[in-house]
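2 protein chains.
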Amino acid sequence: MAEALELSTTEQKILEAAKKVFIQKGLDGARLDEIANEAGINKALLHYYFKSKEKLFEKIFDEMIGKLLPDFSAIIESQNPIEEKIEFFVHKYIDFVSENPQLPLFMVTEINRNPQRMKDLLGHTQNFIILQRFAFQMITEMQVGRIKSFNPLHLMLNIMSLCIFPIISKPVIQAILQLNEADLNIILQQRKEEVSRFIREALRP
Amino acid sequence: MAEALELSTTEQKILEAAKKVFIQKGLDGARLDEIANEAGINKALLHYYFKSKEKLFEKIFDEMIGKLLPDFSAIIESQNPIEEKIEFFVHKYIDFVSENPQLPLFMVTEINRNPQRMKDLLGHTQNFIILQRFAFQMITEMQVGRIKSFNPLHLMLNIMSLCIFPIISKPVIQAILQLNEADLNIILQQRKEEVSRFIREALRP
DNA sequence: GTCTATAATTTGATAGAC
DNA sequence: GTCTATCAAATTATAGAC
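Those sequence lines, one after another, are chains A and B. Just so we're aligned: 200 in my numbering is position 110 of the first sequence, and the numbers increase by one with no gaps anywhere. Just so we're aligned: 104 in my numbering is position 14 of the second sequence, and the numbers increase by one with no gaps anywhere.
This is the structure:
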């Protein structure tokens with residue numbers, strides 16, 4: 091309980107270092123030496139706290155997976171019209187991925203490389219139910235004609251795509267457009283408004 | 091010249107095997123043993139044809155980068171209205187990434203891990219110019235009021251995002267929605283129409 | 001708990017026969 | 001060109017002192 095507040099135990103330092111290195115280099119690319127240095131300790135201690143590289147990775151992976159899945163619950167409970175809910179979500183989610191730009195690509199890559207790892211975690215949780223409730227809200231608003239009708243699943247995929255993909259492909263965009271990182275970040279911040287408006291226009295009846 | 095037609099030279103077999111393994115496991119995760127087995131030869135031959143793992147990887151990487159960048163030239167030359175051009179592009183590009191579902195994630199991951207690799211290839215090529223011409227066409231159509239005004243850069247990012255991201259995150263979607271691969275593929279094929287319509291609705295004046 | 005030293009294993013690369 | 005055998009380097013994992 092109190093553990094969560096003690097931020098500089100050796101275990102915490104290792105976890106932070108491992109998070110940094112794994113997210114940046116992936117499971118295969120990460121080196122235990124680098125993690126140990128980053129944590130200011132030595133390799134042997136990694137094995138003392140976590141049995142193996144694989145075990146340490148799983149710890150990080152499990153911790154991260156919860157953070158990436160958007161928290162729809164807040165917007166679902168509110169009584170605002172669906173366009174406002176979506177706009178709120180877009181702002182919140184783009185802010186989140188902008189602050190953790192490497193996280194989506196890390197998760198998608200590692201899940202792709204080992205899908206089983208995720209199935210164990212997500213199977214039969216409440217995520218599916220929350221998504222269904224959000225979809226149901228959309229359908230209701232479509233039926234009363236407040237927004238244009240779309241397949242709710244695809245609409246949700248569209249929203250997530252618009253928020254996440256440009257962050258994932260930052261280095262590609264940067265190379266093609268030949269921009270420095272600061273300028274590119276400004277453009278990606280503009281997306282909060284641009285994406286909101288794009289979706290709003292698509293949904294207008 | 092005739093080389094391109096000889097499909098089962100050892101060199102070709104190696105390249106195909108390397109392509110398969112690198113795209114699936116990345117530079118760090120790929121093993122020369124696996125590539126050699128896949129090609130039906132042995133490790134030593136890999137070094138005979140390509141000096142090192144790195145060199146072999148670069149060969150694959152350079153070959154793939156060209157394929158992923160969309161060929162805008164065809165649509166740019168045509169005289170159709172912009173909505174039709176975009177719709178044509180969406181269909182073509184979703185078809186392409188559906189047939190090569192692992193390619194976008196591979197490229198984005200590797201570029202992220204080593205941005206320099208791409209800069210050398212893309213710097214000062216014609217990609218930038220073609221993109222500018224496409225943007226210019228959009229602006230023209232916006233000015234005459236045929237489509238709603240958007241920032242052309244963001245509009246292009248939106249289109250690419252909608253086409254690519256759901257393919258990239260297939261395993262994630264599959265886990266959350268608990269679908270088998272066949273059903274998910276059907277959904278992803280539907281996107282050709284769904285995405286086209288979504289963009290069309292957003293752009294309607 | 002933390003370290004140094006070292007073992008064990010993996011894996012990219014090379015030597016040399018055919 | 002292709003193979004077997006082997007090396008050398010990198011990297012994960014462990015033993016044992018403090």
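Note that the Cβ used here is the ideal one computed from N, Cα and C, for glycine as well.
Item	Value
Would you verify that the beta carbon of Pro242(A) is, or is not, closer than 8 Å to some beta carbon of chain B?	no
Given that Leu269(B) touches chain A, what residues does it touch there, using C-beta distances under 7 Å?	Here the premise fails: no neighbours, minimum Cβ distance about 10 Å.
Take the Cβ of Arg281(A) as the centre, count every other Cβ of all protein chains shown within 10 Å, and call the residue buried at 16 or more, exposed below.	buried
Say the cut is 7 Å; is the CB of Gly156(A) nearer than that to a heavy atom of the ligand ZN?	The ligand content of the structure shown is nil, which means the ligand ZN is not present either.
In the structure shown, what three-state DSSP assignment does Gly156(B) receive?	helix
Anything in chain B within Cβ reach of Arg236(A), meaning under 9 Å, just list it in chain order.	Within chain B, no residue comes near Arg236(A); the closest Cβ sits about 15 Å away, beyond 9 Å.
What do you reckon, are the CB atoms on Ile131(B) and Ile104(B) nearer than 8 Å?	yes
Using only the alpha-carbon positions, how far apart do Ile263(A) and Gln206(B) sit?	13 Å
Below 8 Å on C-beta distance, what does Pro205(A) contact in chain B?	Pro261, Gln264, Ala265
Using CA atoms only, rank isn't needed, just tell me which of Met246(A), Ala164(A), Leu146(A) is closest to Val111(A).	Leu146(A)
To the nearest angstrom, how far is the alpha carbon of Asp123(A) from that of Lys109(A)?	14 Å
Assign Lys141(A) to one of three DSSP states: helix, strand, or coil.	coil
Hey, Ile176(A) and Ile249(A) are a contact pair by Cβ (cut 8 Å); roughly how many whole angstroms apart?	6 Å
Which chain A residues sit within Cβ distance under 7 Å of Glu128(B)?	Those within 7 Å of Glu128(B) in chain A number zero; the least Cβ separation is about 17 Å.
Closest to Phe196(A) by C-alpha separation, out of Leu269(A), Gln216(A), Ile254(A), would be which residue?	Ile254(A)
Quick one: is Thr100(B) buried, meaning 16 or more other Cβ sit within 10 Å of its Cβ, or exposed?	exposed
Could you name the residues of the region 273-285 of chain B whose beta carbon sits closer than 8 Å to any beta carbon of chain A, in the order they occur along the chain?	Ile277, Gln280, Arg281, Glu284, Val285
Beta-carbon separation of Leu230(B) and Gly116(B) under 8 Å?	Leu is not the amino acid found at residue 230(B); the sequence shown has Thr there. Cβ distance not < 8 Å, so Thr230(B) and Gly116(B) don't count as in contact.
I need the boundaries of the alpha helix (DSSP H) containing Val187(B), first residue and last residue.	172-189
Closer than 7 Å, Cβ to any Cβ of chain B: which residues of the region 161-174 of chain A, in chain order?	none
Quick check: what's the CA-CA separation for Glu93(A) versus Glu106(A)?	For Glu93(A), the pLDDT reaches just 46, beneath the cut-off of 50, and the residue's location in the model is therefore unreliable, although a value from the coordinates is still provided. About 15 Å.
Can you tell me the Cα-Cα spacing of Arg287(B) and Ser251(B), whole angstroms?	15 Å
Would you please verify whether the beta carbon of Ser239(B) is less than 8 Å from any beta carbon of chain A?	no
Please list, in chain order, the chain A residues whose beta carbon lies closer than 8 Å to that of Phe147(B).	Simply none; closest approach about 13 Å.
Note the first and the last residue of the continuous alpha helix (DSSP H) segment covering Asn270(A).	Where Asn270(A) is concerned, there is no enclosing alpha helix (DSSP H), given that its DSSP letter is neither H nor E.
Tell me the residue span of the alpha helix (DSSP H) that contains Lys110(B).	100-119
Check whether chain A comes within 8 Å of Asn202(B), counting only Cβ atoms and requiring the distance to be less than that.	yes
Using beta carbons (cut-off 8 Å, strictly below), is Leu247(B) in contact with chain A?	yes
I'd like the ranges of any alpha helix (DSSP H) spanning at least 4 consecutive residues and lying wholly in the region 231-273 of chain B.	242-258, 260-267
Less than 8 Å between the C-beta atoms of Lys260(B) and Pro295(B), yes or no?	no
Are the CB atoms of Ile257(A) and Leu278(A) within a distance shorter than 8 Å?	yes
Applying a beta-carbon distance threshold of less than 8 Å, which residues of chain A neighbour Thr99(B)?	The premise fails here: Thr99(B) is roughly 30 Å from chain A at the closest Cβ pair, so nothing lies under 8 Å.
Which residue marks the beginning of the alpha helix (DSSP H) containing Pro194(B), and which one marks its end?	193-203
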